Every structure is written in C-alpha cells, then in structure tokens.
Amino acid sequence: MCVNFATFLGGLGLLVYGMQLLSAALCRLVGTDNTILARLHRAGPALCAAAGAAVTAVAESSSAVTLFAMGAADAGVLTVRQAVALCWGANLGTTATGQILKLAGADGVLSPALLCPLCCFGGAALAQLGKGRRQIAGEAMLGLGLTFTGLNSLQTVFLPLLHSAGAAGLLAGLQHPLLAFGAGAALAALLQSSSAAVALVQAAAAAGVLPWAVAAPLVMGTDLGTCSTALLAALGFGKEKSAARQVAAGHLLFNLIGCAGGAVCGLFVQKKPVWHTAASLAGVADFQLAFNAVTLLVLLPVLYGRKGHLGKKKHPKTV
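The C-terminal residue of the sequence shown carries number 675 in the working numbering, and the numbering is unbroken.
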C-alpha cells in the first residue's frame with residue numbers, strides 16, 4: 357500500500373490534539389458542572405437526556421459528561437435513573453462532531469481549504485491577544501482548525517488506497533461484521549474518543565475505500581469502545597453496587613442493546629446492493645446520528661418504568 361506513514365501520524369496527531377484542545381476550551385467556557393447539569397436533580401429522564409446531548413455537543417466530550425454523571429450519582433446529586441439518562445443523551449450529543457466534519461467535507465457547505473487556515477490563524481490570534489473568554493474562544497477555534505487540518509491530512513493518506521491491492525485485502529479481512537465491529541471498538545478504546553474514531557472512519561469513507569458493510573459495523577463498534585472510559589472509572593468506586601457502577605453498567609447496556617438492534621437490522625440489508633457500495637463522509641455522519649437517535653428513542657421509555665432502586669437517591673446535595 358502506498359501510504360505516507362509520517363503524514364498519517366501527523367494527521368492523526370492533529371486530529372486527536374485538535375479535538376482535545378477544542379473540548380478543553382469549550383469545557384472551560386460552559387463547564388460540565390454548570391447550572392445546566394447542576395439543576396437536574398428534579399428533572400425527568402427526557403430532560404436529563406436532552407441536557408446530556410446538549411452539553412456533549414458543545415463540550416465535544418461524552419466521556420466528560422459520563423464521568424460527571426457517575427460522580428453525581430455516587431454523591432447523591434442525581435438518581436441512578438437520571439444519571440443513566442444523562443449518559444444516554446451524551447451518546448447522541450457526541451454525533452455533533454461528525455456533523456461538523458460533514459460540513460467541512462468535500463461535499464459540505466464549508467470549504468476545508470478556506471476553513472482550516474482561517475480557524476487556525478483566527479484562533480491563534482485570539483488565544484494570544486485576547487483575554488478571558490475571548491482567549492478561551494480562540495483556543496476552541498484553534499482546536500477546530502487543527503481538527504479539520506488533521507482530517508484533511510488523513511483524507512490525503514487514504515485517497516491512494518482507493519486503487520491499492522493491499523487496501524482491498526485489508527478491507528476484505530474486515531468484511532465480516534464482527535471483525536469490523538471489533539476493530540471500531542478497539543479503535544475508540546485506544547483513542548479514548550468515539551468522535552475521533554468516527555472521524556477516522558469518515559476520512560476513509562471520503563477516500564471511497566469503505567463499503568457500508570464495513571463502515572456501519574465500524575461506527576457501531578466505536579459506540580461500544582467508548583464505554584471503556586466509564587468502565588475503567590467504575591473500578592475506582594469501592595462498593596460493587598455503588599451508584600457509579602450502576603451508571604457505568606447502564607451506559608454499557610445502552611450501547612450493547614443498540615449494537616444488537618443494529619446487527620439484526622444488518623441481517624435484512626446485507627444482501628441489498630447498497631450494503632456493498634462505498635460509504636461517504638456525510639453518510640457516515642448521518643448513520644451515526646440516526647443510529648444513536650433511534651437507540652435513545654427506543655430505550656428512553658424504559659427509564660420511566662416502575663420506580664425501584666433506579667429511582668432512589670442519597671441525601672440530595674448541591675453542586
């Protein structure tokens with residue numbers, strides 16, 4: 357395969373660092389423990405899910421919202437039911453990154469050739485010359501520019517693979533949905549970010565080297581892989597039946613059920629011609645959004661069921 361490995365590493369580094377810089381700056385602007393989340397102690401599951409989606413879409417980090425939900429449930433600020441809804445909403449909010457990258461794609465409404473340098477230059481200028489919130493906004497803009505630059509670098513790396521025999525062999529090895537699903541989960545766990553993992557899938561799709569038979573399981577696998585952060589954090593809570601561990605389990609269960617549903621749907625379309633056509637950057641973003649939205653709509657009513665342990669909470673505290 358004719359791949360510039362140095363360009364790949366540089367693009368991947370810019371992508372991941374840009375997203376981390378964007379996430380950190382936006383978290384400083386809005387905070388993950390601000391009044392939006394701090395006032396949820398009387399909210400229902402739907403409102404909690406909406407808040408989780410909104411904050412994640414802005415902060416670009418479902419892991420941060422999930423860890424907040426686990427800590428809030430363990431401290432008694434939120435019930436387990438509310439915290440689980442918050443995590444489920446975060447799964448939907450994390451799709452915002454794919455939609456943003458879709459706008460900057462080759463067929464998007466924003467030109468990458470213009471957007472990347474403008475974001476980088478404008479963000480760096482604000483970060484250096486601005487003060488307070490303007491400086492933080494500059495860091496967020498710089499992070500966005502670096503993210504787009506990294507994505508474009510990865511696309512240039514993947515483009516030669518379109519006619520590569522080696523790439524065809526690699527993709528042939530992933531044709532089994534379970535292999536593609538496992539690769540997506542491993543990638544998200546390794547990067548500790550489903551958004552970054554999906555961005556890589558989008559970059560490959562933009563080069564035309566990914567059929568839907570591979571792209572769809574890859575995207576579903578990233579949802580499961582991102583649970584690794586919550587599961588690792590849950591080990592730090594001593595009690596086996598602690599609220600935080602229940603939230604982590606609920607987060608994992610959401611993704612497992614969603615992936616199982618997606619696998620069943622895949623059985624009905626695997627013989628359709630579209631299943632073997634090349635996925636697009638925009639298509640991957642829309643699939644991730646639809647997949648998480650449908651899973652949330654199907655499972656959210658479960659949290660309105662009979663009140664039991666999920667409805668209890670410790671002595672309420674203020675954040």
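The beta carbon of each residue, even a glycine, is placed where N, CA and C say it ideally should be.
Since the model is a prediction, treat every value here as computed from it, not as a measurement.
Check	Outcome
Residue burial classification, residue 458 (beta-carbon count within 10 angstroms, cutoff 16)	buried
Three-pair Cβ contact test at 8 Å for the region 436–446 versus the region 597–613	yes
Inter-residue Cα distance where the pair is residue 419 and residue 581	11 Å
Local conformation of residue 634 per DSSP, three classes	strand
Residue 308 and residue 540 closer than 8 Å at C-beta	Given a span of 357 to 675 for the chain in the structure shown, any question on residue 308 remains unanswerable.
Interface flag, residue 542 vs chain B, CB-CB below 8 Å	Among the chains of the structure shown, chain B does not appear; only one protein chain is present.
Cutoff 7 Å; reference residue 664; Cβ partners in own chain excluding five residues on either side	With a pLDDT of 40 at residue 664, under the threshold of 50, the predicted position of this residue should be treated as unreliable, and no value is reported.
Inter-stretch contact (C-beta, 8 Å, three-pair minimum) for the region 630–638 and the region 554–563	yes
Anticipated Cβ contact below 8 Å, residue 400 with residue 509, distance rounded	Going by Cβ atoms, the distance from residue 400 to residue 509 rounds to 44 Å, so no, they are not a contact pair.
Sub-8 Å separation of residue 378 and residue 499 beta-carbons	yes
Neighbour-count burial assignment, residue 644, 16 or more Cβ in a 10 Å radius	buried
Burial state of residue 621, where buried means 16 or more other Cβ atoms lie within 10 Å	exposed
Contact set for residue 332: own chain, Cβ-Cβ below 6 Å, skip 5 residues either direction	Shown here, the chain extends from 357 to 675; a query on residue 332 therefore has no answer.
For residue 388, the three-state DSSP class (helix, strand or coil)	The pLDDT assigned to residue 388 is 46, lower than 50, so where the model puts this residue is not dependable, and the model offers no usable value.
Among 404, 660, 452, 589, nearest to residue 555 - alpha-carbon criterion	452
C-beta atoms of residue 372 and residue 547 nearer than 8 Å	yes
Alpha-carbon to alpha-carbon, residue 409 and residue 488	26 Å
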